[in-house]
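If you use the working numbering, the sequence shown corresponds to residues 7 to 259, in order.
Just so you know, even glycine gets a beta-carbon here, dropped at the ideal spot from N, CA and C.
Values in this document were obtained by computation on a predicted structure and should not be read as measured data.
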Amino acid sequence: MKHELAKTYAPAELEDRLYKEWSEKGYFTPDTKGDAPAYTIVIPPPNITGQLHMGHALDNTLQDILIRHKRMQGYCTLWVPGTDHASIATEVKIVEAMRKEGISKDDIGREGFLERAWAWKDQYGGRIISQLKRLGSSCDWTRERFTMDEGCSKAVKEVFVRLYEQGLIYRGNRMINWCPCCSTSISDAEVEYEEQNGNFWHLLYPVKETGEMLELATTRPETMLGDTAVAINADDPRYAHLHGCHVILPLIN
């Protein structure tokens, strides 16, 4: 009996049916009772800020190739799936959606905002999981996690406390990016830079010992109030006579 091959590939006729069968038969869940060597990948969890893009498709395809290869070699393979809360980025998305409804975080309070955050996770986290499945990702969906799950949150706190107690991480003062809207620090990756025309200011600092004026140039004159010292090149003959002298801070004398 001859079967005619379709001239074009029709994924809808095959992929959903095969993937459902693979999942129902537990092909992606490892048998941990045997003595086969273990091979595990924890998925870099996609942010629940929207949906997957081409970068996710490439990244997850590479992971799937590795997992399937090791699975066929007889390893006890586990690919742990999950999604990431992406706290600040997700908050921005939720606040934007609320603004369209004419309400703010202050209007609904902390508990009300958390309810909206979990609803957002269910909507967009669910969409991402569906997309991963449509890609054919052979994750063990019985172990699906979310970074704000109780177990994950507890594990993160435990690790940070241990690292702190071992002296491997510390709290200290650092220059940060501060968001006045969210009232929190944000990473460099979350900063949008914008070029602006500025000015170059030349400030005169009186030298206490000689009475002359020392000219300093800056684009940020407002930081003058925090000045504590003036550094000069020790090898520059123009300033050799100023070694050890003091300057008077303008405005506050």
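Item                                                                                                   : Value
Terminal residues of the beta strand (DSSP E) in which Met154 lies                                     : Looking at the DSSP string, Met154 is not in any beta strand (DSSP E), and its letter there is neither H nor E.
Reduced DSSP secondary structure (H/G/I, E/B, other) of Ala237                                         : coil
8 Å Cβ cutoff met for His252 and Glu215                                                                : yes
Thr96, enclosing alpha helix (DSSP H) - first and last residue                                         : 93-106
Exposure of Gly266, with buried meaning 16 or more beta-carbon neighbours within 10 Å                  : The requested residue 266 is not part of the displayed model; the chain covers only 7 to 259.
Whole-number beta carbon distance between Ala95 and Asn53, since they are thought to touch under 8 Å   : 6 Å
Which of helix, strand or coil DSSP assigns to Pro212                                                  : strand
Residue burial classification, Lys163 (beta-carbon count within 10 angstroms, cutoff 16)               : exposed
Per-residue burial, Gly131 [other beta carbons within 10 Å of its own, 16 or more giving buried]       : buried
Backbone CA spacing between Leu120 and Leu68 [nearest angstrom]                                        : 35 Å
Cβ neighbours of Leu209 in the same chain (closer than 8 Å, five flanking residues each side left out) : Glu221, Leu222, Ala223, Thr224, Pro227, Met230, Pro256
Cβ pair Arg151, Cys145 closer than 8 Å                                                                 : no
Inter-stretch contact (C-beta, 8 Å, three-pair minimum) for the region 97-116 and the region 166-180   : no
Alpha carbon of Met78 to alpha carbon of Phe34, nearest angstrom                                       : 12 Å
Option nearest Cys187 by Cα separation, candidates Glu102, Leu138, Tyr81, Ala235                       : Glu102
Residue range of the unbroken beta strand (DSSP E) whose run includes Asn183                           : 183-185
Simplified DSSP assignment, three categories, for Val167                                               : helix
Glu200 versus Asp194 - alpha carbon distance                                                           : 13 Å
Own chain residues within Cβ distance below 6 Å of Ser29, not counting five before or after            : none
Any C-beta of chain D under 8 Å from that of Phe119                                                    : No chain D appears in this structure, which consists of one protein chain only.
Residue(s) in a DSSP beta bridge with Ala18                                                            : Beta-bridge pairing links Ala18 to no other residue.
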